[in-house]
Amino acid sequence: MQFGAGVVGEKSGALMDWNVSTAYKNLKDMEPKSMMDVALIPNMEPIDVTPGTSDKGNNSTKPRKKTMTSVYLKFFETTPDGKNRKCKFCGQIYSISTATGNLGRHLSNRHPGYDKLDDSISTPGSQAIIVIKKPQTQPKTSHIEPEHLNWLLIKWLILASLPPSTFEEKWLSNSFKFLSPPVQIWPTEKFQAVLHEVFRSMRDDIRCMLENVSSKVSITLDFWTSYQQIFYMSVTCQWIDESWSFRKFLLDISRVPSPCGSAEIYHTLIKVLKFYNLETRVLSCTHDNSTNAVLACHTLKEDLDSQKANPFCYVPCAARTLNSIIDDSLPSTKLVISKIREFALEMNSSSEMMEEFIQFTTTYQEGTWKFPLDVSSRWSGTYQMLDIVRKAGRSMETLIRKYEETHGRLLLNSAEKNAINIMHSYLEPFYKTTNDICTNRLPTLGLVLFFMDHISETITACRESRHTPDWLKNAAVDMAAKVRSYNDQVSNIFTYMTAILDPRIKIELIPESLNLENYLEEARSHFVRNYSTTHFASVTVTYGSNQELEDGGGVNVSFAEEIARKRRRASMGTATDELTQYLSEPPAPIPIDVLEWWKVNSGRYPRLSVMARDFLAVQAAAVVPEDLFCSKGDEVERQKVSLPYSSMQAILCVRSWTESGMKLKYKSTEIDYERLMELVENGGGGFEKKQK
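Take 1 as the starting number for the sequence shown in full-length UniProt numbering and just add one per residue.
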């Protein structure tokens with residue numbers, strides 16, 4: 001697709017030359033030329049994306065007329081230092097590198113009928129000739145061109161997850177013109193074209209990067225329906241690199257065609273995997289627990305198994321399971337929680353009530369509270385409602401009674417307070433679990449299984465306690481059923497191997513439902529079959545090496561003894577020895593950094609560490625836990641649901657890639673926003689550097 005930057009709006013000035021080298025460059029390397037001289041984005045071949053928007057006589061397909069330059073410059077004089085031009089009518093000063101089109105717009109906007117004053121204005125022709133003939137002698141300036149604004153707006157659209165149609169709002173455009181009349185915002189079609197080209201350029205870079213990944217990769221799937229009733233699937237890839245750093249990149253956001261069943265999900269997923277050449281390197285897929293996603297993953301496993309490709313497994317999302325389990329506990333107290341939430345909303349909106357609440361909690365020693373309170377309907381907000389009653393109940397009641405005339409309906413009776421206190425005590429382990437999962441840098445599958453096992457024990461204790469009220473026991477029955485369903489889905493050899501490769505878990509802390517005796521033998525077989533000595537020629541010990549000459553051997557050990565030792569070591573199975581040695585040591589402390597542990601100990605376990613790199617990338621959750629449990633998820637969901645089809649893929653993918661550390665890129669050129677902002681700061685924050 002070809003699109004232009006020369007024609008940018010209704011009063012476009014001189015055509016910009018975008019036909020520069022296509023070689024990959026960082027914009028910082030393009031100095032000392034001004035930013036617009038080299039162009040922010042090369043190879044943007046000019047086309048008129050909005051027919052009829054260019055000025056007369058300035059069609060983008062025609063060469064620039066030299067007479068246009070002399071006409072405008074007649075009304076400006078060059079300052080003695082040769083760095084600026086000064087308007088002869090009002091004294092407005094522009095940088096010497098200002099495009100003549102901008103000078104013309106100044107005359108049209110500020111001095112209508114300037115051309116009729118031609119006879120009263122005299123301009124030394126030699127000055128204009130000197131400036132034009134010797135542009136290379138101009139000192140470097142920090143002049144800002146109006147065109148740069150559009151690239152800043154591209155960045156804003158991406159980070160704010162807004163569609164290009166945002167700029168169709170008349171008063172937004174008027175606001176820019178109020179700051180600088182010459183400003184011309186790109187039309188929606190051009191913003192759309194640029195965004196899609198940026199998306200394609202960055203996606204190609206990710207594909208090249210993934211081709212160099214030496215380990216297996218894992219993927220996660222998430223689904224949602226937009227306001228246009230279009231069903232989308234996001235595919236995210238995770239792996240652990242050679243330096244033991246966890247890597248994560250969004251691969252694509254794809255529309256799943258109607259009827260949006262398992263077959264459509266499967267074909268859409270295969271298309272993404274083939275584009276990135278990952279279909280034979282993917283080890284696992286974590287899905288969102290929906291029936292269609294499970295069936296699609298099952299079809300993918302059958303497909304890969306039939307090709308005798310690498311082993312593959314699919315895992316349910318623990319975060320969604322846990323969120324659903326918590327929801328099952330809340331129906332009986334839903335109305336009470338709604339009253340508490342309304343009270344919290346009133347406090348958030350009233351600085352007077354807020355200050356009084358803080359005073360009361362200080363007086364009654366009921367803790368310190370941070371405002372605004374989390375009043376979201378997500379788990380973090382719901383638990384804070386329970387927290388208010390449990391930890392600041394006296395302050396809450398005192399404040400409501402003070403405003404009883406307007407808020408008296410929010411007072412809780414003794415039965416409601418008792419129910420909230422019971423729920424708070426019961427759900428506290430759930431809150432601590434979700435908090436740990438959200439704040440953990442890498443919540444491995446092994447660690448999450450450990451937490452889920454504790455949740456299962458908490459639910460069982462609730463059901464068996466004679467002090468538990470019937471309404472909570474009934475809720476616990478449904479909660480227990482979901483825990484069993486999750487355990488059934490994760491009880492397989494792959495999750496077992498993933499769990500024991502977490503040095504904090506190993507066999508000692510693995511859930512009992514997963515700790516089957518035959519799994520350990522299957523794990524050993526998997527080591528030998530997929531991570532045997534033949535796969536690691538670089539670490540294979542050769543005859544006569546220092547490693548092979550063990551205690552007492554030295555250089556006097558006979559060649560026959562070396563052969564004997566070699567055979568004894570082979571019969572034991574080196575890979576199996578590593579697994580045995582690893583499992584024989586006690587688990588590491590829970591707070592340790594798992595990847596750092598393996599980085600330090602990879603020398604002790606050269607084969608086992610390779611498998612750990614593969615399996616520790618398997619994800620326990622298909623979504624970022626914080627986005628599901630915390631109020632932050634409300635904004636994330638709004639952005640996903642509100643984008644139109646024309647912008648969904650490009651906006652969300654490019655945003656995710658930039659948040660992962662990638663630079664915005666158009667074709668072969670990296671967009672240097674730091675350099676652009678330096679120009680803005682040096683130019684005084686305007687599009688025309690003004691001096692008075």
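Glycine is no exception: its CB is placed at the ideal position from the N, C-alpha and C atoms. Fair warning: this is a prediction, and the values are worked out from it, not measured in the lab.
query                                                                                                                                                                                                                : result
Using 10 angstroms around the beta-carbon of Met677, count the other beta-carbons present and answer buried if the total reaches 16, otherwise exposed.                                                              : exposed
Out of Thr286, Tyr227, Trp369, Glu522, state which residue places its alpha-carbon closest to the alpha-carbon of Arg624.                                                                                            : Inspection of the sequence shows that residue 624 is occupied by Val rather than by Arg. Measuring from the Cα of Val624, the nearest candidate turns out to be Thr286.
Taking 7 Å as the cut-off, decide whether the C-beta atoms of Glu77 and Lys83 are in contact.                                                                                                                        : no
Is Phe176 helix, strand or coil by DSSP?                                                                                                                                                                             : helix
Just the C-alpha distance for Val282 and Met347, rounded to the nearest angstrom, thanks.                                                                                                                            : 50 Å
Would you be able to state if there are at least three C-beta pairs under 8 Å between the stretch 585-596 and the stretch 490-509?                                                                                   : yes
Please specify which runs of the alpha helix (DSSP H), each continuous and at least 4 residues long, are wholly inside the UniProt domain "hAT-like transposase RNase-H fold" (438-530), giving them in chain order. : 445-464, 470-490, 493-500, 517-530
Who are Val600's beta bridge partners in DSSP?                                                                                                                                                                       : Paired residues: none, contrary to the question.
Per the contact definition of three or more C-beta pairs closer than 8 Å, is the stretch 195-204 in contact with the stretch 214-233?                                                                                : no
Determine contact between the stretch 485-495 and the stretch 332-349, defined as no fewer than three beta-carbon pairs at a distance below 8 Å.                                                                     : no
Give me the residue from Thr444, Glu578, Leu583 with the minimum Cα distance to Ile507.                                                                                                                              : Leu583
In chain order, what residues of the same chain lie with their CB nearer than 7 Å to the CB of Ser491, ignoring the 5 residues before and after it?                                                                  : Ser513, Leu514
From the DSSP output, in three-state form, read off Gln384 for me.                                                                                                                                                   : helix
Report all residues from its chain with a CB closer than 8 Å to the CB of Asp222; omit the five preceding and five following residues, and keep chain order.                                                         : Met233, Ser234, Thr236, Asp288, Ala622, Val623
How long is the line joining the alpha carbons of Cys90 and Phe176, rounded to whole angstroms?                                                                                                                      : 23 Å
Contact check, Leu386 vs His424 under 8 Å by CB: the rounded distance?                                                                                                                                               : 4 Å
From Pro372 to Ile388, what distance separates their C-alpha atoms?                                                                                                                                                  : 13 Å
Given that a residue counts as buried once 16 or more other Cβ atoms are within 10 Å of its Cβ, and exposed if not, what is Asn174?                                                                                  : exposed
Can you name, in chain order, every residue of its own chain whose Cβ lies under 8 Å from the Cβ of Ser525, other than the five neighbours on each side?                                                             : none
Quick check on DSSP: helix, strand or coil for Trp369?                                                                                                                                                               : coil
Using only alpha-carbon positions, find the residue among Ser262, Thr188, Ser290, Gly381 that is nearest to Lys632.                                                                                                  : Gly381
Take Ala309 and list the residues in its own chain whose beta-carbon comes closer than 6 Å to its own, dropping the five residues that flank it on each side.                                                        : Thr280
Less than 6 Å between C-beta atoms, sequence neighbours within five positions excluded: which residues of the same chain meet that for Gln649?                                                                       : Ile253
Does Asn292 come out as helix, strand or coil in the three-state DSSP assignment?                                                                                                                                    : helix
If you check the beta carbons only, do Ser290 and Ser218 fall under 7 Å apart?                                                                                                                                       : no
Keeping to the same chain, check which residues put their C-beta closer than 6 Å to that of Asn292; ignore five residues upstream and five downstream.                                                               : Gly261, Ser262, Ile265
Tell whether a beta-carbon distance below 7 Å holds between Ala475 and Ser377.                                                                                                                                       : no
What is the residue span of the beta strand (DSSP E) that Val235 lies within?                                                                                                                                        : 231-240
Would you check if the distance between the CB atom of Pro182 and the CB atom of Arg110 is smaller than 7 Å?                                                                                                         : no
Let's see if you can read the secondary structure: which residues bound the beta strand (DSSP E) around Asn84?                                                                                                       : 84-87
Are Gln639 and Ser161 touching if we call contact CB-CB under 7 Å?                                                                                                                                                   : yes
Quick check: what's the CA-CA separation for Phe629 versus Asn440?                                                                                                                                                   : 14 Å
Near Thr268, what residues of its chain come up, given a Cβ to Cβ distance below 7 Å and the 5 sequence neighbours on each side ignored?                                                                             : Met233, Ser254, Val256
Could you pull the start and end residues of the beta strand (DSSP E) that residue 698 belongs to?                                                                                                                   : Only positions 1 to 692 of the chain appear in the structure, and residue 698 is not among them; the question remains open.
What do you reckon, are the CB atoms on Phe451 and Thr433 nearer than 7 Å?                                                                                                                                           : yes
Inspect the beta-carbon positions of Ser395 and Glu416 and report whether they are closer than 7 Å.                                                                                                                  : no
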